[in-house]
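Structure first, commentary second.
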Amino acid sequence: MNKRFSSLFLSATGISVILFMTMHVSINLFLVIDNLSNSEGNLYNSVYYFMQHNAIANTVEKILALGFVFHIVIANITAMRKMKNHGEKKDMIILGVLLLFFLGMHLLQFKVKTNIEIVYIKGKDIPDMYSFVAHFFSTSVFYGIVYMLSGIVLGIHLQNGFISMLDRVEIRPSVQKKLYTAIRIFSYCMMTGFFSIPLYFLLFA
82 MNKRFSSLFL
92 SATGISVILF
102 MTMHVSINLF
112 LVIDNLSNSE
122 GNLYNSVYYF
132 MQHNAIANTV
142 EKILALGFVF
152 HIVIANITAM
162 RKMKNHGEKK
172 DMIILGVLLL
182 FFLGMHLLQF
192 KVKTNIEIVY
202 IKGKDIPDMY
212 SFVAHFFSTS
222 VFYGIVYMLS
232 GIVLGIHLQN
242 GFISMLDRVE
252 IRPSVQKKLY
262 TAIRIFSYCM
272 MTGFFSIPLY
282 FLLFA
């Protein structure tokens with residue numbers, strides 16, 4: 082793949098990674114809000130139903146998820162090429178493989194779901210995904226730990242990748258410093274979100 086095209090592609094799909102992560106963590110926060118407010122999962126189930134049945138939201142989610150996968154795959158290919166040519170470290174490759182493994186496991190979890198109860202919300206029969214996910218987080222220690230570790234790996238991968246990309250762009254040092262700070266803050270927020278949600282259910286739910 083052409084080096085310039087590869088860089089542009091990684092930058093474009095990198096934006097989809099940021100949006101996908103933000104959307105994913107934001108939606109999952111409703112799990113905690115529902116639990117704290119004793120609303121029986123109404124918020125999370127309503128958001129889940131909307132994301133599945135609204136054509137625009139569903140299409141955007143699929144595009145962002147596809148961009149996420151493409152980004153990890155192309156980033157790994159690029160990292161392997163650099164490692165072969167310049168002897169660079171394997172860190173980014175290992176992180177990328179771990180992320181693909183987690184993504185596959187996460188998607189499989191929702192594809193094999195069985196015996197999902199139906200709840201009645203605002204005149205609609207909606208799958209009770211809140212109970213399914215909350216039960217999974219609160220009873221599966223292995224999955225919870227893997228989810229938490231994957232959130233940390235994702236944050237590290239995001240931070241390293243975007244800082245590396247910024248290093249190749251000629252911008253003013255003052256602007257570059259602010260972008261570094263913004264990337265780190267976003268990465269830490271994402272890591273905290275991915276880590277705290279399953280931890281909450283393991284400890285308190």
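Heads up, the sequence shown is in the numbering used here, so the first residue is 82 and it goes up one at a time.
Note that CB positions come from ideal geometry on N, CA and C, so glycine has one too.
query: DSSP three-state assignment for residue 256, whether helix, strand or coil; result: helix
query: Coarse secondary structure for residue 200, derived from DSSP in three states; result: strand
query: N-terminal and C-terminal residue of the beta strand (DSSP E) that residue 206 is part of; result: 205-208
query: Exposed unless 16 or more other CB atoms sit within 10 angstroms - verdict on residue 134; result: exposed
query: Pairwise C-alpha distance: residue 110 and residue 270; result: 12 Å
query: Coarse secondary structure for residue 111, derived from DSSP in three states; result: helix
query: Close Cβ partners of residue 239 (< 6 Å) along its chain, the five nearest in sequence each way excluded; result: 268
query: C-beta contact flag for residue 154 and residue 181 at 9 Å; result: yes
query: 8 Å contact criterion, which residue 285 and residue 232 should meet: CB distance rounded; result: With 8 Å as the limit, residue 285 and residue 232 do not qualify as a contact, their Cβ atoms being about 18 Å apart.
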